[in-house]
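Asker: Quick note on my numbering: the sequence shown kicks off at 297 and runs consecutively. Don't be surprised by glycine CBs; every beta carbon is placed ideally from N, CA and C.
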Amino acid sequence: MSERLETLKKARDRMVEDRDTHAKVLAAPFDRDKAERARSKFVEVQALIEALDRAISAENFGSARN
Numbered sequence: 297m298s299e300r301l302e303t304l305k306k307a308r309d310r311m312v313e314d315r316d317t318h319a320k321v322l323a324a325p326f327d328r329d330k331a332e333r334a335r336s337k338f339v340e341v342q343a344l345i346e347a348l349d350r351a352i353s354a355e356n357f358g359s360a361r362n
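#1: Could you tell me whether the Cβ atoms of LEU304 and LEU344 are closer together than 7 angstroms?
#2: ARG315 to ALA354, Cα distance in whole Å?
#3: CA-CA distance, ARG310 and GLU299?
#4: Rounded to whole angstroms, how far is the Cβ of LYS306 from the Cβ of HIS318, which I believe are closer than 8 angstroms?
#5: Helix, strand or coil: which one does DSSP assign to MET311?
#6: Comparing C-alpha positions only, which one of ALA324, GLY358, GLN342 sits nearest to GLU313?
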């Protein structure tokens, strides 16, 4: 596995942990301020995870072509 691919996978794992933290806040008893911030951060982190997934796929595709 290339160093770039390994780095992308570690970054994705870290972002999944961050997303889980925000999901726990959303699942907790409702607190408007916390829920609004957690919802916004959850969506932001999810978009980043999806971008990392695309980067990982591209890196895997590039490795397969070589």
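Answerer: In terms of the structure at hand:
#1: Result no, Cβ atoms of LEU304 and LEU344 do not sit closer than 7 angstroms.
#2: Each residue's alpha carbon lies about 23 angstroms from the other.
#3: Roughly 17 angstroms between the two C-alpha positions.
#4: With 8 angstroms as the limit, LYS306 and HIS318 do not qualify as a contact, their Cβ atoms being about 19 angstroms apart.
#5: Note: MET311 maps to helix in three-state DSSP.
#6: Of ALA324, GLY358, GLN342, the residue nearest in Cα terms is GLN342.
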